[in-house]
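Asks: Here's a structure for you.
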Amino acid sequence: MSTLENRGRTALLVVDVQNDVVGSAYERDAVVGRIVGLVDRARDAGVPVIWVQHNDEGMEVGTTEWALVPELVPADGEAHIHKQHGDSFEGTDLEDVLAGLSVDRLVVAGAETDACIRSTIHGAFVRGYDTTLVSDAHTAGDKTEWGAPPVDQVIAHTNLYWSFQSAPGKTAAVVTSEDVDFGAR
């Protein structure tokens, strides 16, 4: 249903599940555990897994802070996207990687809900991708001291509004990790 032609594959996009990003995130262990399960199921289904890692002056490439959490181990040949902006597409080769894999549907999990996840799902959708947000496989750190709602409310709101996202020729969806169907179109 996406607006991208001559494609037909799904990919799992794992965004910023890095030591510094999720170290003190809301329900960190449960969310990471669900992402581990998604990665295993995607691989079993022959669905590409794409790893996105943010870097900046506080999280430089190659540092412990920048590294993926130890529970998540990329397999040989899986794509790695290095970004410096919230939207995983901006300033990266993500679109080229997805085109090379004939992907037109993304299943998205990771961190941070109110920043890079939100930016990436919108970025994917406006670029023509069918975009599924995994409702229980994204998280964020507490930003209430700066006036943000508690993280559970940020997650609930993001899941709510994404479930009503629409545009001609593409779909947006919100499903639990248990209900992700990598073969469904």
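Each residue of the sequence shown is one higher than the one before, counting from 0 in numbering that gives the first Met the number 0.
Glycine included, every Cβ here is placed at the ideal spot set by N, Cα and C.
Leaving out five residues on either side along the sequence, give the residues of the same chain with a beta carbon under 8 Å from the beta carbon of V68.
Replies: The residue you call residue 68 lines up with position 69 of the sequence shown. Excluding positions up to five away in sequence, the list reads V16, Q17, N18, V21, V31.
Asks: Can you have a look at G182 and say buried or exposed, based on whether 16 or more other CB atoms are within 10 angstroms of its CB?
Replies: Along the sequence shown, read from residue 1 onward, the residue named residue 182 stands at position 183. Exposed, because fewer than 16 other Cβ atoms sit within 10 Å of the Cβ of G182.
Asks: Can you tell me whether DSSP reads A78 as helix, strand or coil?
Replies: Reading the sequence shown from its first residue, position 79 is the one you call residue 78. Strand at A78.
Asks: Quick check: what's the CA-CA separation for V174 versus D103?
Replies: Position 175 of the sequence shown, counting from 1, holds the residue named residue 174. Position 104 of the sequence shown, counting from 1, holds the residue named residue 103. Near 18 Å, if we compare the C-alpha coordinates of D103 and V174.
Asks: Going by the beta-carbon positions, is the gap between T131 and F124 smaller than 7 Å?
Replies: Here residue 131 is taken as the residue at index 132 of the sequence shown, counted from 1. Here residue 124 is taken as the residue at index 125 of the sequence shown, counted from 1. Going by C-beta atoms, T131 is not nearer than 7 Å to F124.
Asks: Are the CB atoms of A9 and V46 nearer to each other than 7 Å?
Replies: Against the sequence shown, residue 9 aligns to sequence position 10. Against the sequence shown, residue 46 aligns to sequence position 47. Strictly speaking, residue 9 in this sequence is Thr, with Ala absent from that position. In contact: T9 and V46 (Cβ atoms closer than 7 Å).
Asks: With H, G and I counted as helix, E and B as strand and the rest as coil, what does DSSP make of W161?
Replies: The count along the sequence shown starts at 1 and reaches residue 161 at position 162. Note: W161 maps to helix in three-state DSSP.
Asks: Does the Cβ-Cβ distance between I80 and L100 come in under 7 Å?
Replies: Within the sequence shown, numbered from 1, the residue matching residue 80 stands at position 81. Within the sequence shown, numbered from 1, the residue matching residue 100 stands at position 101. Cβ atoms of I80 and L100: not closer than 7 Å.
Asks: Let me know if Y160 comes out buried or exposed under the rule of 16 or more other beta-carbons within 10 Å of its beta-carbon.
Replies: The count along the sequence shown starts at 1 and reaches residue 160 at position 161. It is exposed - the Cβ of Y160 has fewer than 16 other Cβ atoms within 10 Å.
Asks: Is there at least one Cβ from chain D nearer than 7 Å to V102's Cβ?
Replies: Absence of chain D from the displayed structure is noted, only one protein chain being present.
Asks: Excluding the 5 residues preceding and the 5 following V153 in the sequence, name in chain order all residues of the same chain whose CB lies nearer than 7 Å to its CB.
Replies: Translated into positions along the sequence shown, residue 153 becomes position 154. Correct list, in chain order: T112, D113, A139, A147.
Asks: Find the nearest neighbour of Y25 within the set G36, D151, G168, judged by alpha-carbon distance.
Replies: The residue given as residue 25 occupies position 26 in the sequence shown. Among G36, D151, G168, the Cα nearest to that of Y25 is on D151.
Asks: Tell me the rounded alpha-carbon separation between G168 and E4.
Replies: As a position in the sequence shown, residue 168 is number 169, starting the count at 1. As a position in the sequence shown, residue 4 is number 5, starting the count at 1. Straight-line Cα distance between these residues: approximately 11 Å.
Asks: What is the DSSP secondary structure of D19, reduced to helix, strand or coil?
Replies: In the sequence shown, residue 19 corresponds to position 20, counting from 1. The answer is helix: DSSP assigns D19 an H, G or I state.
Asks: By alpha-carbon positions, which one of R33, A108, V48, H156 ends up nearest to D75?
Replies: Taking the first residue of the sequence shown as 1, we reach residue 75 at position 76. The shortest Cα separation from D75 among R33, A108, V48, H156 belongs to V48.
Asks: In angstroms, rounded to a whole number, what distance separates the CA positions of A78 and T143?
Replies: By one-based count along the sequence shown, residue 78 stands at place 79. By one-based count along the sequence shown, residue 143 stands at place 144. Going from the Cα of A78 to the Cα of T143 covers about 34 Å.
Asks: Please return the same chain residues whose Cβ sits closer than 8 Å to the Cβ of F88, not counting the five positions on each side in sequence.
Replies: Within the sequence shown, residue 88 is the residue found at index 89, counting from 1. Hits under 8 Å: E94, T119, G122, A123, R126.
Asks: Could you give the residue range of the alpha helix (DSSP H) that holds D178?
Replies: Translated into the one-based positions of the sequence shown, residue 178 becomes position 179. Unbroken run through D178: none, as it is neither H nor E.
Asks: From W145, A136, A155, pick the residue whose C-alpha is nearest to that of S176; which is it?
Replies: For the purposes of this step, residue 176 is identified with residue 177 of the sequence shown, where counting begins at 1. Nearest of W145, A136, A155 to S176, Cα basis: A136.
Asks: Hey, how far is the Cα of A185 from the Cα of V13?
Replies: It is not possible to answer for residue 185, since the shown part of the chain is limited to 0 through 184.
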